[in-house]
Every structure is written in C-alpha cells, then in structure tokens.
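**Student:** Taken in sequence, the protein lines are chains F and U.
Residue numbers for the first sequence follow the numbering used here, beginning at 1 and rising by one.
Residue numbers for the second sequence follow the numbering used here, beginning at 1 and rising by one.
C-beta atoms are modelled at their ideal positions from N, C-alpha and C, and glycine is treated no differently.
This structure is a prediction, so every number in the text was calculated from the model and none was measured.
One structure follows; several queries about it will come next.
Protein chains: 2
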Amino acid sequence: MTEETISYTGLLCPVPLSHNDRIVLGHGSGGRLSHNLINKIFLPHLDNPILHAANDAGVMQLSDQEGISIPRLAISTDSHVVSPLFFPGGDIGKLSVCGTVNDVAMMGATPLFITAGFILEEGLEISILEQVVQSMQNAAQEAGVLVVAGDTKVVQRGKADGLYITTAGIGTISPGIHIGGEIAQPDDIVILSGTIGDHGIAVLQARGELGFQTDLKSDVSPLNHLIKNMLLSSKHIHVLRDPTRGGLATSLNEIAQQSKVCIELEESKIPVKPEVSAACEMLGFDPLYVANEGKLIAIVAPQDAEKILDVMHSTQYGEDAIVIGRVKAVPQSRVLMRTMIGSTRVVDMLSGELLPRIC
Amino acid sequence: MTEETISYTGLLCPVPLSHNDRIVLGHGSGGRLSHNLINKIFLPHLDNPILHAANDAGVMQLSDQEGISIPRLAISTDSHVVSPLFFPGGDIGKLSVCGTVNDVAMMGATPLFITAGFILEEGLEISILEQVVQSMQNAAQEAGVLVVAGDTKVVQRGKADGLYITTAGIGTISPGIHIGGEIAQPDDIVILSGTIGDHGIAVLQARGELGFQTDLKSDVSPLNHLIKNMLLSSKHIHVLRDPTRGGLATSLNEIAQQSKVCIELEESKIPVKPEVSAACEMLGFDPLYVANEGKLIAIVAPQDAEKILDVMHSTQYGEDAIVIGRVKAVPQSRVLMRTMIGSTRVVDMLSGELLPRIC
Chain F
1 MTEETISYTG LLCPVPLSHN DRIVLGHGSG GRLSHNLINK IFLPHLDNPI
51 LHAANDAGVM QLSDQEGISI PRLAISTDSH VVSPLFFPGG DIGKLSVCGT
101 VNDVAMMGAT PLFITAGFIL EEGLEISILE QVVQSMQNAA QEAGVLVVAG
151 DTKVVQRGKA DGLYITTAGI GTISPGIHIG GEIAQPDDIV ILSGTIGDHG
201 IAVLQARGEL GFQTDLKSDV SPLNHLIKNM LLSSKHIHVL RDPTRGGLAT
251 SLNEIAQQSK VCIELEESKI PVKPEVSAAC EMLGFDPLYV ANEGKLIAIV
301 APQDAEKILD VMHSTQYGED AIVIGRVKAV PQSRVLMRTM IGSTRVVDML
351 SGELLPRIC
Chain U
1 MTEETISYTG LLCPVPLSHN DRIVLGHGSG GRLSHNLINK IFLPHLDNPI
51 LHAANDAGVM QLSDQEGISI PRLAISTDSH VVSPLFFPGG DIGKLSVCGT
101 VNDVAMMGAT PLFITAGFIL EEGLEISILE QVVQSMQNAA QEAGVLVVAG
151 DTKVVQRGKA DGLYITTAGI GTISPGIHIG GEIAQPDDIV ILSGTIGDHG
201 IAVLQARGEL GFQTDLKSDV SPLNHLIKNM LLSSKHIHVL RDPTRGGLAT
251 SLNEIAQQSK VCIELEESKI PVKPEVSAAC EMLGFDPLYV ANEGKLIAIV
301 APQDAEKILD VMHSTQYGED AIVIGRVKAV PQSRVLMRTM IGSTRVVDML
351 SGELLPRIC
C-alpha cells in the first residue's frame, strides 16, 4: 500500500510554536500540541538520553558499586488536575497513584515507591482531602507500593481548582527485561487489554456534560500485577503502553514513530462499550482519542501472542484482552485502520484538545 | 533549667483540626498548621515507617537480589508555587530543582535523578516557560543531576497562577552514612551554613511589598556538593536539614522533637544580613521564621565540629558557616535561645502563616 491510496484524518501539518505563543488547553492534551511543546521547549533544554527515549518512564542504571550489578530503575511522574475531583469509578487520589504505577509498570518494572506533592486551594474542605488521601492509600495497597515522600502547598482561592496532585514513581526492572516504544517489529501482534474510552466518558458524565445517565465507570486501575503475570509468561513482549490522554490512537502513533513501523488496526476488533459509543456519537468524539486509565497496549512477538492472551484473560483487568492489529514494516511511523467496510485510513495523533482536564 | 523559668513565644497549644475545617494558607506554611495536617490527615492513611520518619526525604533499601547489597535510596518531592515566578537570585525553575536536590542531599545521599511535573495556566507565555525550563537545566547541571521524567498539564485561566512545578528527586546513600533528624545527641554542636532569611525577603521584595529597594538576592542554591565535602571530612555528622518554609526556628523544633533533645541557640551568633534585619523589623517578622533555600543546619559530634567548619568555609555556599548553638538533654523537644541581654526564651515552631507562596 502506498500513501496515495489512503485517506487522511486529523491534522498532519505540524503546528507551529513560536516564543510569542501562549499556552492553550491543547498543550495538555497529550496529542500533537503536547508533543510540540515537549520537542520545542522541554527537550532542547533538558535533553539527555533517558528523557529523549520518550517512554512512559525514564530507565536508568545506577552506577555499579565495586563491580556489583545493580537493578535498573524506572522513574516516572504525572501531574493530576482532573475535574471534577470525584467521578464514577474513582477520584483524583486513585488516579494519581494508578497513573504513575502504570507508567512505571509499562517499562516492565515492578513499581515500589510513590511520592505525592499536593497543591491545595485555600477553602478546600479537609474532609474532601481526607477522602482523596484514603483513596490514594487504597490504590497504593492494591498496587503494592509505598508512599514514601509527600509535600503540601496551599495557594489562594482562585489559584487552583480544589486540589492538584503530582505523583512520581520508582520501580526496579529485573535483568533480561527490555520493554520500550522503540522495540516494535514487523509481524508483531498488537493486543489491547479491554474496552476503550471508559475513563474519558465517565469523567464527562460526572461533569454533567453528557445529557444522559449511564452506569459507566472509569476504568482507573493499577495494571502492575497484570503486567507481572504477562512478563512471567513470555520473554517476547516488546512494547507496553497505557493509552491515557490522547487515547489509543495517540499512543499507537507514538509507538509507530518510535519504532519506525506501521501499526495496522482492525476496526471491527476494537472493543467499545455501547454507552461509550453512544456518548461519542452524540458528542462527535472518536473513541480512539478518548482517555483510558486502566487499559494497556501490548505489542508482542507473534509466537507468544496466544500464551500472553491466555494469561491476560485469567488476570484481573485483562479479562477482555483482544488482538486488535499487527505491526508492518511500511508505511513507516504510521497507524492505519482497516475499517468495517473494507477501506483503509490513516489514524493520526490527536491534534487539538478533546476533553481538557481528564486526568 | 525548668520550664517555669523560660518565657514563651508563639502558640504552644495545639491547633484543633476537625473534618469540617477548610484549608487555609497556614496549612502550607511548613509550621504548626502544616504539621497538624500531616499528623491528622496524611499519616493516619498513608502511614509507613519511611514516611513516618519525617525527614526531608524517605530512605529505603531496595530488596537484595540474590544476596547482593544494593545502595539505599533517598527519595523526596516538593511542589513549588512561588509568587512571583521570577525574583532576585532565582526563579521557580531554579527553586524547583534546588529544593528537591537539597532535600535528597540532607539525608547524606548523592542526588542523581529529578522528575518534573508542570501545571500550566492557559494563557501563560511560552517564552516564560522556556526561561523557567532553561533555569531548571542550569541548576540541574550545577547540581550534577539528570531530569529523567516530565509531565505537563494545562488548566483553564484562573485555575492556576502562571505555572506550578512539582519535582521529585532520587539519590543513593553510601554505606556507613546515617543522617536523620532523630540522631542529634546531647553535646552535639549546631552549625548554620550562612545568613538566614535571604530567600523570603528577596521574594517579598520581588512582590513589591517591601517598600524599599535592596540588593538582596535569594540564596537558592544546590547544596549537594557542600554536603559531599562535609561527609568526606567526618563520619560524625548526625543531622542535616535545610531550613526552608518555617525558617530556622521551625526546622530546629522539628529536630528537637525527633531526637527528644533540647537545642540551645546563641542569639548573638545567628547571622542575619542588615537588609533582612531591616525588612523584618519594619514588617514585624522574626528572621528565625523566614524561609531559606540555600542554607543548611548541621548537627555534629563536638570532636569533629572544627574540621567540618573548615571544610564548609572552603566550599561554595559554606563560606559563612558558623556555630550557632549546641544540643542539651533537657528540656526535651524544645528549642531555647540565649538572648543578647542574657535571658533565655523558648523558640517555638511557626504557628500561623508568615509569607504565603514563598516556595
């Protein structure tokens, strides 16, 4: 297939970024504007090989002490500004722990420690803070991580929105495990752990912006135990990524670009709950771009795909795992989708902002 | 000396905290209200031995892999909400790196890695963000740490104040080093690395709240190289702490409580720049409670005090180091000050909020 035969969706032209520009909500979308900001502002100044790898977490080797081999560390951070603070299936506290636990786990690491920095708005009810902290602890216990450091700052009324939480996570990577967005290979199988869009639509519903009520809950969950079981079952998992902001489409585009491969999806295989489908249709959203907080993409060697799926199906948070596509050599750095009516289209990265403050 | 003979300053009665309460600016002061919040809300839910140690950073041992001894890690986090973003001697970027580097170094650790989570307000000029990021990189280079993970979120206008940065830091602690607020012992010597209050008053000046102009600059600096030299010179450094929010008085109270000792200061020895002194007098502040961002307290065994002072005097950021007091057995958990006129008074922890959003 050549590019001429495929139809384009989304913005493929780069969005310019000049120093006279101002921050817009789209810079926090996780999509193209976020990538522009990272590439134009953050990387030129802070660049180092770890940050440049552009994975969910940085991976580093502590310097050997007296020739002793020390495990590699995976380190990640996420700021959380979700609005509202509570939504069906979770809250900002659960989100802040799961988000960071998952980013660390996506490098094949065992998450061990979490830090939490709170920015509180003057006037916040202390009972709300307590609920959030309790929720963080529940999530930390489920994930098996310790909160080892915290900090609290307070800003005046109108200088925050209730509370924001920034977590960082640290985990260790066992010898022999090498996972990264740059390791996808032609013929690899693309697995998705379950339905997409649940988190984004659940938050939208909590904002009262949906116009109808559903039983939908956010999928926010710690995925580290699922990943541990997957890694025990196969030595040929190449990429793990959680499709959060920017959704499945954006995460797959990142991987296609990092690995310089084509990822071809089967539209008919991508699981979407009827409520999510209905909400997206009504609002003009594409579920491919709606955020998830408890799902993962696994790109694995074809010979191990069945084995890995079996393990996923027998583990919490992986029951609905399904093969959604495969990796091809060309066109490089592209995500394509074979639609239900048999055509093929390009699936681009999120370009603007779909749903601000979803995480 | 018994408690009857000493005069009290500040609030010694505990400030009640009920679930109906709301967050006030003082909860971010680093003083008594912050401690109440930590003790009533954070510790009951998140409690674990590492967090409960209440030091500047959590210290943890990675589990041994096959009997191999792995270095201990020190992990810390700080959210930064300083207003204004730029002030004489620094900006929020430099502050966010130095603050976390210093917290890690205060455990006797070598800081290695930093993460940074940005919360940006819609409308922020990108040129401002770029200046801040450049400043972070300069500070990281001086400290010798790598920024290994980052995240950016954007909130609507009026939901932040330009930008907030939360950093986390990770360092390793060499075998044989044991530093902590609970290790101060009677007869130990209390060393301060230089003048107090420079940071707080410099930020106040940048806000235009001083009413007069001075050449004063914030002392914001990475202290890890100073600490490394100190640790090379002595095996008997018991406590290191940077007196940031809440100032010297609050940090010393924390240490006195952790170690269950009395810290007795000599008022005449505490170095304060004339501009800081003048500003404090005019505004009714006590420099003992004004924030520092490039100073440290070292509590050391008496036999090594001279040696440590010599090393500090020959190292950047330690030139003005001076002995300001000593540790006594009683009254436990108290900080006393022998005033210039020969009386002794209790120096309490900061009770309310002196200067909001100083860091």
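Three Cβ pairs or more, each shorter than 8 Å: is that satisfied between the region 179 to 190 of chain F and the region 322 to 341 of chain F?
**Tutor:** At 8 Å Cβ cutoff, the stretches touch.
**Student:** Taking only the alpha-carbon atoms, compute the straight-line gap between I282 (chain U) and K153 (chain U) and give it to the nearest angstrom.
**Tutor:** What you label residue 282 (chain U) is simply residue 282 of the second sequence in a count that begins at 1. What you label residue 153 (chain U) is simply residue 153 of the second sequence in a count that begins at 1. Here residue 282 (chain U) turns out to be Met, not Ile, going by the sequence shown. Each residue's Cα considered, the two are about 40 Å apart.
**Student:** From this set, F:G246, F:K228 and F:V335, which residue's C-alpha is nearest L265 (chain F)'s C-alpha?
**Tutor:** Mapped onto the first sequence, residue 265 (chain F) falls at position 265. Among F:G246, F:K228 and F:V335, the Cα nearest to that of L265 (chain F) belongs to F:V335.
**Student:** Does DSSP put H178 (chain F) in a helix, a strand or coil?
**Tutor:** Translated into positions along the first sequence, residue 178 (chain F) becomes position 178. In this structure, H178 (chain F) counts as coil in the three-state DSSP scheme.
**Student:** Could you give the DSSP three-state label for E281 (chain F): helix, strand or coil?
**Tutor:** Position 281 of the first sequence holds residue 281 (chain F). Of the three classes helix, strand and coil, the one that applies to E281 (chain F) here is helix, per DSSP.
**Student:** So, does the CB of I75 (chain F) fall closer than 8 Å to a CB anywhere in chain U?
**Tutor:** As a working note, residue 75 (chain F) is residue 75 in the first sequence. Cβ-Cβ to chain U under 8 Å: yes for I75 (chain F).
**Student:** Reducing DSSP to helix, strand and coil, say where G10 (chain U) ends up.
**Tutor:** Here residue 10 (chain U) is taken as the residue at index 10 of the second sequence, counted from 1. The predicted position of G10 (chain U) is uncertain, since its pLDDT is 30 and thus under 50; no value can be drawn from it.
**Student:** Say whether chain F places a C-beta atom closer than 8 Å to the C-beta of M136 (chain U).
**Tutor:** Residue 136 (chain U) sits at position 136 when you count from the first residue of the second sequence. Taking Cβ atoms only, chain F reaches closer than 8 Å to M136 (chain U), which makes this a yes.
**Student:** Do G197 (chain U) and V276 (chain U) count as a contact pair if the criterion is CB distance below 8 Å?
**Tutor:** Taking the first residue of the second sequence as 1, we reach residue 276 (chain U) at position 276. Taking the first residue of the second sequence as 1, we reach residue 197 (chain U) at position 197. Yes. Within cutoff.
**Student:** Could you tell me the boundaries of the alpha helix (DSSP H) in which R32 (chain U) lies?
**Tutor:** For this step, residue 32 (chain U) is matched to residue 32 along the second sequence. Where R32 (chain U) is concerned, the enclosing alpha helix (DSSP H) stretches over R32 to L37.
**Student:** Is L360 (chain F) helix, strand or coil when you go by DSSP?
**Tutor:** Absent from the model: residue 360 (chain F). The displayed extent of chain F is 1 to 359, so no value can be given.
**Student:** DSSP three-state label for G117 (chain U), please.
**Tutor:** Position 117 of the second sequence, counted from the start, is the residue given in the question as residue 117 (chain U). Residue state, collapsed to three classes: strand.
**Student:** Between I92 (chain F) and V239 (chain F), what straight-line distance do the alpha-carbon atoms span, to the nearest angstrom?
**Tutor:** On the first sequence, position 92 is the one that residue 92 (chain F) refers to. On the first sequence, position 239 is the one that residue 239 (chain F) refers to. Straight-line Cα distance between these residues: approximately 27 Å.
**Student:** Since T250 (chain F) contacts L350 (chain F) with CB under 8 Å, what's their CB separation in whole angstroms?
**Tutor:** Within the first sequence, the letter at position 250 stands for residue 250 (chain F). Within the first sequence, the letter at position 350 stands for residue 350 (chain F). That belief holds up - the Cβ atoms of T250 (chain F) and L350 (chain F) are roughly 5 Å apart, short of 8 Å.
**Student:** Anything in chain F within Cβ reach of E125 (chain U), meaning under 7 Å, just list it in chain order.
**Tutor:** By 1-based counting over the second sequence, the position of residue 125 (chain U) is 125. R22, listed in chain order.
**Student:** Excluding sequence positions up to five away, which residues of its chain have a Cβ less than 6 Å from the Cβ of G150 (chain F)?
**Tutor:** Residue mapping note: residue 150 (chain F) aligns to position 150 of the first sequence, counting from 1. These residues qualify, in order along the chain: A116.
**Student:** Compare the C-beta of T152 (chain U) against all C-beta atoms of chain F and say whether one is closer than 8 Å.
**Tutor:** The residue given as residue 152 (chain U) occupies position 152 in the second sequence. Yes - at least one Cβ of chain F is within 8 Å of the one on T152 (chain U).
**Student:** For M1 (chain F), count neighbouring Cβ atoms within 10 angstroms of its own Cβ and tell me buried if that reaches 16, exposed if not.
**Tutor:** One-based indexing of the first sequence puts residue 1 (chain F) at position 1. The pLDDT assigned to M1 (chain F) is 30, lower than 50, so where the model puts this residue is not dependable, and the model offers no usable value.
**Student:** Figure out for me which residue from U:N48, U:V82, U:V147 and U:F87 has the closest Cα to the Cα of G58 (chain F).
**Tutor:** Counting from 1 along the first sequence, the entry for residue 58 (chain F) is found at position 58. Nearest C-alpha to G58 (chain F): U:V147.
**Student:** For L216 (chain U), which three-state DSSP category applies?
**Tutor:** Counted from its first residue, the second sequence places residue 216 (chain U) at position 216. Note: L216 (chain U) maps to coil in three-state DSSP.
**Student:** Roughly how many angstroms lie between the CA atoms of G362 (chain U) and P111 (chain U), to the nearest whole one?
**Tutor:** Residue 362 (chain U) lies beyond the residue range present for chain U, which begins at 1 and ends at 359; the question has no answer from this structure.
**Student:** Got a sec, what are the start and stop residues for the beta strand (DSSP E) T77 (chain F) sits in?
**Tutor:** Translated into the one-based positions of the first sequence, residue 77 (chain F) becomes position 77. Element bounds for T77 (chain F): R72 to H80.
**Student:** Taking DSSP's pairing of strands, which residues face D286 (chain F) in a bridge?
**Tutor:** The residue you call residue 286 (chain F) lines up with position 286 of the first sequence. DSSP output for D286 (chain F) lists no bridge partner at all.
**Student:** Quick check on L35 (chain U): buried or exposed, where buried means 16 or more other Cβ atoms within 10 Å of its Cβ?
**Tutor:** By one-based count along the second sequence, residue 35 (chain U) stands at place 35. Contrary to the premise, residue 35 (chain U) reads as His rather than Leu in this sequence. Burial call: buried.
**Student:** By the DSSP assignment, the alpha helix (DSSP H) with E142 (chain U) in it spans what residues?
**Tutor:** If you number the second sequence from 1, residue 142 (chain U) lands on position 142. Run containing E142 (chain U): I126 to A143, per the alpha helix (DSSP H) assignment.
**Student:** In this structure, does DSSP put T250 (chain F) in helix, strand or coil?
**Tutor:** Counting from 1 along the first sequence, the entry for residue 250 (chain F) is found at position 250. The answer is helix: DSSP assigns T250 (chain F) an H, G or I state.
**Student:** Taking 7 Å as the line, does the beta carbon of V261 (chain U) fall inside it for any heavy atom of the ligand GTP?
**Tutor:** As for the ligand GTP, it is missing from this structure, which has no ligand bound.
**Student:** Quick test of your reading: I201 (chain F) and A279 (chain F), contact by CB under 8 Å. State the CB separation rounded to the nearest angstrom.
**Tutor:** Locating residue 201 (chain F) in the first sequence gives position 201, where the first residue counts as 1. Locating residue 279 (chain F) in the first sequence gives position 279, where the first residue counts as 1. About 5 Å; that satisfies the 8 Å criterion.
**Student:** Grab the span of the beta strand (DSSP E) containing T315 (chain U) for me, first residue to last.
**Tutor:** Here residue 315 (chain U) is taken as the residue at index 315 of the second sequence, counted from 1. Looking at the DSSP string, T315 (chain U) is not in any beta strand (DSSP E), and its letter there is neither H nor E.
**Student:** Would a check of beta-carbon distances place L51 (chain U) closer than 8 Å to chain F?
**Tutor:** Locating residue 51 (chain U) in the second sequence gives position 51, where the first residue counts as 1. For L51 (chain U), the answer is yes, since a Cβ of chain F falls inside 8 Å of its Cβ.
**Student:** What is the C-beta distance between S343 (chain F) and E293 (chain F), in whole angstroms, given that I count them as a contact (C-beta under 8 Å)?
**Tutor:** Looking up residue 343 (chain F) in the first sequence gives position 343. Looking up residue 293 (chain F) in the first sequence gives position 293. Wrong, their Cβ atoms sit about 32 Å apart, outside the cutoff.
**Student:** Which value, in whole angstroms, describes the spacing of the CA atoms of S234 (chain F) and D304 (chain F)?
**Tutor:** Here residue 234 (chain F) corresponds to residue number 234 of the first sequence, with the count starting at 1. Here residue 304 (chain F) corresponds to residue number 304 of the first sequence, with the count starting at 1. When rounded, the distance between both Cα atoms is 7 Å.
**Student:** If you check the beta carbons only, do F103 (chain U) and G169 (chain U) fall under 8 Å apart?
**Tutor:** In the second sequence, residue 103 (chain U) corresponds to position 103, counting from 1. In the second sequence, residue 169 (chain U) corresponds to position 169, counting from 1. This sequence places Asp at residue 103 (chain U); Phe is not what is there. Contact: yes.
**Student:** Could you give the distance in angstroms between the alpha-carbon of P88 (chain U) and the alpha-carbon of Q205 (chain U)?
**Tutor:** Counting from one through the second sequence, the residue named residue 88 (chain U) turns up at place 88. Counting from one through the second sequence, the residue named residue 205 (chain U) turns up at place 205. Approximately 8 Å, taken between the alpha carbons.
**Student:** Label S135 (chain U) either buried or exposed according to how many other C-beta atoms from any shown protein chain fall within 10 Å of its C-beta, with 16 as the threshold for buried.
**Tutor:** As a first step, residue 135 (chain U) is located in the second sequence; it is residue number 135 there, counting from the start. Buried, by the Cβ-count rule.
**Student:** Just to confirm, are G108 (chain U) and L231 (chain U) a CB contact at a threshold of 8 Å?
**Tutor:** Here the question's residue 108 (chain U) lines up with position 108 in the second sequence. Here the question's residue 231 (chain U) lines up with position 231 in the second sequence. Contact: yes.
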